[in-house]
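The sequence shown maps to residues 0 to 315 in numbering that gives the first Met the number 0.
Even glycine gets a Cβ: it sits at the ideal position worked out from N, Cα and C.
Model, not experiment: these values are computed from the prediction.
See structure below.
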Amino acid sequence: MTVQRTDFIMNTPVEQTVCGPDADAIAAQAVDLMRRLECILSFFLPGSDVWNLNEAAGHGAVPLQPETVEVLREALHYSRLSGSAFDVTAAPLTDLWRRCGKQQKVPDGDEIRRLQALVGYQHLEVGDDTACLSSEGCAVDLGGIAKGLAADACVQLYRAEGVESAFVNLGGNVKAIGGKTPSEPWSVGLQHPGLPRGASFASLAVVDESVVTSGSYERFATVDGHRYHHIIDPRTGWPSDSGLQSVTVICESSMKADALSTAAFVLGLDDGLTLVCEQGTDAVFLTDDGDVYITPGVRSRFQLAPDCGFQCYVGA
Ligand code: AMP
Ligand code: MG
0 MTVQRTDFIM
10 NTPVEQTVCG
20 PDADAIAAQA
30 VDLMRRLECI
40 LSFFLPGSDV
50 WNLNEAAGHG
60 AVPLQPETVE
70 VLREALHYSR
80 LSGSAFDVTA
90 APLTDLWRRC
100 GKQQKVPDGD
110 EIRRLQALVG
120 YQHLEVGDDT
130 ACLSSEGCAV
140 DLGGIAKGLA
150 ADACVQLYRA
160 EGVESAFVNL
170 GGNVKAIGGK
180 TPSEPWSVGL
190 QHPGLPRGAS
200 FASLAVVDES
210 VVTSGSYERF
220 ATVDGHRYHH
230 IIDPRTGWPS
240 DSGLQSVTVI
250 CESSMKADAL
260 STAAFVLGLD
270 DGLTLVCEQG
280 TDAVFLTDDG
290 DVYITPGVRS
300 RFQLAPDCGF
310 QCYVGA
């Protein structure tokens, strides 16, 4: 039996395809699992671990669930590794841009500079089952990594239940078990930034792997005809302007792919390619000019849509 279901979790549509005799019940369990993760990791839900940590900023450590400690540790690791291009403490800025975007205005320059001083992974300390933010006004936002953790957790659950073929997609954050059939890989479409949702500029053949995309077209606000997207460069305080429309990272761990895709998006093509290659992952970069750069490991399983209008090059 193959079950397909779509739910709305973590502010994003979540599609599951699960094959096997108990697929229905297993997909339902995965929904419960993702909702539980949302309840502890959400920036917005009062009483979540992240909410409590942010509320207590400057006032000592708060007790946390093991999953929160795990994701904070990973997030700190990728914040260091990327030189703060991905920074788990970017929340003062991401929240400012989100709130201003809703009111269709651009934040004040002085306010951006004031909040930049509160951003920096050095402000976060993670203990065995607690964490602590050093100053009032500091805050964490796991929006750039939590969907990866959720995809990894789903796949762990599927495997524990004996599933040999499954696919979960949390709004562009994909993870697969096996192939679509024993002889056919899953095909993952990479969203074309200029076309309606679901229209791809390329497809990737995937078996037992995660494919995660960060794109400026995902969420944005339009103010005076200019688009301000949701991925903030903590080093400037502004939406990243690194010349990319999207970065897709392919590797086993969805949490790693999630953090690296956000980091590489902020770093831009050259430094982003260096980072993903150093980390031993494959990637697809789409520039503002419509050039597609793929790492060598992607070549044999990548197909550019013939009518997409983009040029493809092999990088790094
Ligand atoms: P993603 O779609 O995985 O690239 O993550 C984007 C989300 O991560 C945003 O909606 C913010 O919640 C958060 N975010 C934005 N910029 C950064 C950044 N530079 N570092 C870490 N998280 C970020
Ligand atoms: Mg991410």
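Close beta carbons around residue 75, own chain, < 8 Å, minus the five adjacent residues each side: Counting only Cβ-Cβ distances below 8 Å, and skipping sequence neighbours, we find 87, 120, 123, 125.
Hey, is the segment 158-174 in contact with the segment 270-281, meaning 3+ C-beta pairs nearer than 8 Å? The answer is no - the segment 270-281 does not touch the segment 158-174, with fewer than three Cβ pairs under 8 Å.
State whether the segment 56-72 contacts the segment 90-106, with contact taken as three or more CB pairs (one from each stretch) at a distance under 8 Å. Taking a cut-off of 8 Å for Cβ pairs, the segment 56-72 and the segment 90-106 do not touch, as fewer than three such pairs fall below it.
My parser needs the alpha helix (DSSP H) runs of 4 or more residues fully inside the segment 66-106; what are they? Taken in chain order, the complete alpha helix (DSSP H) segments of 4 residues or longer contained in the segment 66-106 are 90-101.
Could you give the DSSP three-state label for residue 38: helix, strand or coil? In the structure shown, residue 38 sits in a helix (DSSP, three-state: H, G or I).
Anyone know if the C-beta pair for residue 129 and residue 26 falls short of 9 Å? No, the Cβ-Cβ distance between residue 129 and residue 26 is not below 9 Å.
Which of helix, strand or coil DSSP assigns to residue 311: Correct three-state label for residue 311: strand.
Taking only runs of the alpha helix (DSSP H) that begin and end inside the segment 126-181, which ones reach a length of at least 4 residues, in chain order? Runs of the alpha helix (DSSP H) lying entirely within the segment 126-181 and spanning at least 4 residues, in chain order: 145-159.
For the structure I just gave you, are there three or more beta carbon pairs, one from the segment 154-161 and one from the segment 184-198, closer than 8 Å? Under the three-pair Cβ rule at 8 Å, the segment 154-161 does not count as touching the segment 184-198.
Going by Cα to Cα distance, which pick from 214, 298, 21 is closest to residue 226? Closest by alpha carbon: 214.
Using a threshold of 8 Å, is the CB atom of residue 81 nearer than that to any non-hydrogen atom of the ligand MG? Checking the Cβ of residue 81 against the ligand MG gives no.
Output the distance between the C-alpha atoms of residue 109 and residue 271, rounded to the nearest integer angstrom. Their backbone Cα atoms lie some 29 Å apart in a straight line.
Is the CB-CB distance between residue 266 and residue 145 below 9 Å? In this structure, residue 145 does not lie closer than 9 Å to residue 266 by Cβ.
CB-CB under 7 Å to residue 118, same chain, minus the five flanking residues each way: which ones, in chain order? Spatial neighbours of residue 118 in its own chain (CB-CB distance under 7 Å, excluding positions within 5 residues in sequence) are listed in chain order as 86, 88, 89, 91, 92, 233.
List the endpoints of the continuous alpha helix (DSSP H) containing residue 112. Boundaries of the alpha helix (DSSP H) around residue 112: 108-115.
The ligand AMP heavy atom lying under 8 Å from the CB of residue 87: Correct: residue 87 has its Cβ closer than 8 Å to the ligand AMP.
Sufficient close CB pairs (3 or more, under 8 Å) joining the segment 36-47 to the segment 134-153: The segment 36-47 vs the segment 134-153: in contact.
Please confirm whether residue 300 and residue 154 have their CB atoms less than 9 Å apart. Taking 9 Å as the Cβ cut-off, residue 300 and residue 154 do not qualify as a contacting pair.
Quick check on this structure: which residue in 220, 247, 252 has the alpha carbon closest to the alpha carbon of residue 238? It is 220.
DSSP three-state label for residue 231, please. In this structure, residue 231 counts as strand in the three-state DSSP scheme.
On the CB-based measure, 16 or more other CB atoms within 10 Å of its CB, does residue 7 come out buried or exposed? Per the 10 Å Cβ criterion, exposed.
Between the alpha carbons of residue 45 and residue 111, how many angstroms are there, rounded? Approximately 25 Å between the Cα atoms of the pair.
Just confirm the distance between the C-beta atoms of residue 151 and residue 254, as a whole number of angstroms; I'd bet it's less than 8 Å. Contact flag correct, Cβ pair sits at about 6 Å.
Tell me whether residue 293, by its Cβ, gets closer than 8 Å to a heavy atom of the ligand AMP. Not under cutoff, so the answer is no.
Could you give the DSSP three-state label for residue 20: helix, strand or coil? Here residue 20 sits in coil by DSSP.
Is residue 260 a contact residue of the ligand MG, with contact defined as CB to any heavy atom under 8 Å? Because some heavy atom of the ligand MG lies under 8 Å away, the Cβ of residue 260 counts as near it: yes.
Flag this pair as yes or no: are the beta carbons of residue 207 and residue 176 separated by less than 9 Å? The beta carbons of residue 207 and residue 176 sit closer together than 9 Å.
Which listed residue (14, 18, 13) has its alpha carbon closest to that of residue 0: When only C-alpha atoms are compared, the closest one is 18.
Determine whether the beta carbon atoms of residue 31 and residue 2 lie at a separation below 9 Å. No.
For my contact list, residue 294 and residue 242 are in at a C-beta cut-off of 8 Å; report their separation, rounded to the angstrom. Separation of the CB atoms of residue 294 and residue 242 is rounded to 18 Å, and the pair is thereby denied contact status at 8 Å.
Spatial neighbours of residue 115 in its chain, beta-carbon cut-off 6 Å, leaving aside the 5 residues before and after: In its chain, beyond the 5 residues on either side, 236 have a beta carbon closer than 6 Å to the beta carbon of residue 115.
Ranges of the beta strand (DSSP E) found wholly within the segment 229-283, counting only runs of at least 3: Runs of the beta strand (DSSP E) inside the segment 229-283: 243-250.
Should residue 144 be listed as close to the ligand MG, given that the test is whether its C-beta is under 8 Å from any heavy atom? It does: the Cβ of residue 144 is within 8 Å (strictly closer) of some heavy atom of the ligand MG.
Take residue 310 and list the residues in its own chain whose beta-carbon comes closer than 8 Å to its own, dropping the five residues that flank it on each side. The residues are 289, 290, 291.
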